[in-house]
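Enquirer:
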Amino acid sequence: MLRKVYIELTDSCNLSCDICFRHQWVHKPMDMYENVWETVVKQIKESAEIHSVVLGGMGEPLLSPFFEKTVNELRDKNLHVTSNATLFRAKLTTDIVKNIHSFVVSIDGMQEQMYQGRGVVFDDLISNLDFLNYLKKMNNLDNPFLDIQFVVSRKNIQDIFPLMDVLASKNIRNIVISHLVPQNENQAGDILYSRYENKEMKEMFHKIKIHSFKRGLRMILPEVELKTERKCAFVDEDSTFITSSGEIVPCYRLSHPGREVIFGRPKSIRQYSFGNVINKTILQLWDDSRYVSFRNKIHNNHIPSCPDCDLVDGCGLVHDTEFDCEGVSPSCSDCMWSRKFVFCS
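Counting in this note's numbering, the sequence shown runs without a single skipped number right up to 1606 at its last residue.
#1: Applying the 10 Å Cβ sphere with the 16-neighbour rule, what's the burial state of Lys1463?
#2: Would you give the residue range spanned by the alpha helix (DSSP H) that Val1408 belongs to?
#3: Measuring only the C-alpha atoms, how far is Asn1345 from Ile1280?
#4: Taking the alpha carbon of Met1293 as the reference point, which residue from His1341, Thr1504, Leu1335 has its own alpha carbon closest?
#5: Going by beta-carbon coordinates alone, are Met1371 and Leu1424 separated by less than 8 Å?
#6: Taking the alpha-carbon of Leu1276 as reference, which of Glu1321, Leu1544, Thr1343, Asn1400 has the nearest alpha-carbon?
#7: Going by the DSSP bridge assignment, what does Asp1292 pair with across the sheet?
#8: Indicate the three-state DSSP secondary structure (helix, strand or coil) for Arg1379 in the structure shown.
#9: If you measure between the beta carbons of Asn1404 and His1362, is that distance less than 8 Å?
#10: Roughly how far, in whole angstroms, is the beta-carbon of Glu1486 from the beta-carbon of Tyr1533, given that I think they are within contact range, below 8 Å?
#11: Compute the beta-carbon to beta-carbon distance between Pro1518 and Ile1509, rounded to the nearest angstrom, for a pair I have assumed lies under 8 Å.
#12: Identify which residue in Gly1378, Asn1394, Thr1343 has its Cα closest to the Cα of Val1437.
#13: Should Asn1360 go down as buried or exposed, given a rule of 16 or more other Cβ atoms within 10 Å for buried?
#14: Using the Cα positions of Glu1461 and Asn1339, report the straight-line distance between them to the nearest angstrom.
#15: Figure out for me which residue from Ala1449, Leu1324, Phe1602, Lys1431 has the closest Cα to the Cα of Gly1525.
#16: Kindly indicate the opening and closing residues of the alpha helix (DSSP H) around Ile1469.
#17: Starting from His1440, trace the beta strand (DSSP E) in both directions and tell me its first and last residue.
#18: Would you list, in sequence order, the uninterrupted beta strand (DSSP E) runs of no fewer than 3 residues that lie entirely inside the region 1328 to 1401?
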C-alpha cells in the first residue's frame, strides 16, 4: 500500500553547491508542467492511503510556481518540505507555514564553508531560521518542526561543533548527519566512512554526541563502517518519488542520471522509471508487477552486495546501475543509503 509520496515540483535550484548531483546533468532544469502537477495533486488528494507528502527532490521547492498552491491543496497530507532555506523570508507566510508539518534544511558548515561551498552567507541563513521561528511564535504554532541535514566530509567535520552551539537556540528538532557520496575522484578522498573498522570516526561521533547532549540537541548519526544490514527507507516506508517530469522512480538516487564514486570505484547512475503519471495513475504504477517485484526483492534483501564482494575489483557489472549479477534491474547493490551511510530527507 502506497503511504508516502515525494514530489519534485522543480529540479531547478538557486544555489550551485559543490557536492550537488545536479552538476553532472546534461539536461536543462525544469519546473513540473501544470498538467502534470494537476494530475499528481488530484490523485494524491483522492487517495485515502497516502498519508504523507514530501516536497523535495533535486531542486529547491520554494522556487516552484506551484509551491504555495501545493501546500494549500495537500495541507491534510502531513506535509514535509526539504529546502536550503535561502528563500524563507521571500516566500514564507503564515498561511503557508501553518500547513507544513516539518522543514528539513540543509546546512553543511559555518561561515567559510557555507560561502565557499554554496555561495551562502551563513548569518543570512540563520536569520531565515529565525524568521520561521518568528512566524511560529506570532501565530502560536507548534509546527513546522525544523530538522537540519548536515553532509559531513573531511572538509567540514570540525564545523559541526560550533554549528551545534549556534543551533542550540533555534528550536531544532533533529540534526541529521549524512556522509558525502562523491561524484568524482577529487571528492573521493573526502569521505569519512570505510569498508572496515573505523576507530577514528567512532571516537569523533562519540565526541559529537557528548557535545549535542550538552547543547540539548538530538543527533541522528550515520554508520561509519560497512555493516551487513541493509534497509531501504523508500521501500520500508511504502514510498515513491515523482520527478519534475512526472516519472515514477523508486528513490532519489535513481531519479536522475548521474555519477558516484563508491569506495574508489566510479559508477554511472541511470534514471529508472516505472512509468509517467500522465499515462497511468500513481496507484496503477505503484501496483505494476515490475515495481512490486522490485520492492519485494529490496525489502527481503534478495540482491547482491557489491562493497563486500570478493570479486568486485574484477566485475564489469559494478560500473553502472543497469542491472546486477542476478539480473535484477535496476541494481541497488552498491547503494550507500541502504547501508545507513546516507539518510533520505
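Glycine included, each C-beta is placed from N, C-alpha and C at the ideal position.
Expert: According to the structure data:
#1: By the 10 Å Cβ count, Lys1463 comes out exposed.
#2: What sits at residue 1408 in the sequence shown is Asp, not Val. Boundaries for Asp1408: no alpha helix (DSSP H) harbours it, while the beta strand (DSSP E) harbouring it runs 1406 to 1413, taken from the DSSP string.
#3: When rounded, the distance between both Cα atoms is 14 Å.
#4: Selected option, being the one with the closest Cα: Thr1504.
#5: In this structure, Leu1424 lies closer than 8 Å to Met1371 by Cβ.
#6: It is Glu1321 whose Cα lies nearest to the Cα of Leu1276.
#7: Beta-bridge pairing links Asp1292 to Thr1271.
#8: Helix.
#9: In this structure, Asn1404 places its C-beta atom within 8 Å of the C-beta atom of His1362.
#10: Wrong, their Cβ atoms sit about 28 Å apart, outside the cutoff.
#11: That belief does not hold up - the Cβ atoms of Pro1518 and Ile1509 are roughly 16 Å apart, past 8 Å.
#12: Ranking Gly1378, Asn1394, Thr1343 by CA distance to the CA of Val1437 puts Thr1343 first.
#13: Answer is buried; the Cβ neighbour count reaches 16.
#14: Taking the straight line joining both Cα atoms gives about 39 Å.
#15: Per the Cα distances, Ala1449.
#16: Unbroken alpha helix (DSSP H) run through Ile1469: 1460 to 1476.
#17: Judged by DSSP secondary structure, His1440 falls within the beta strand (DSSP E) whose first and last residues are 1435 to 1440.
#18: DSSP runs (the beta strand (DSSP E)) wholly in the region 1328 to 1401: 1340 to 1344, 1363 to 1367.
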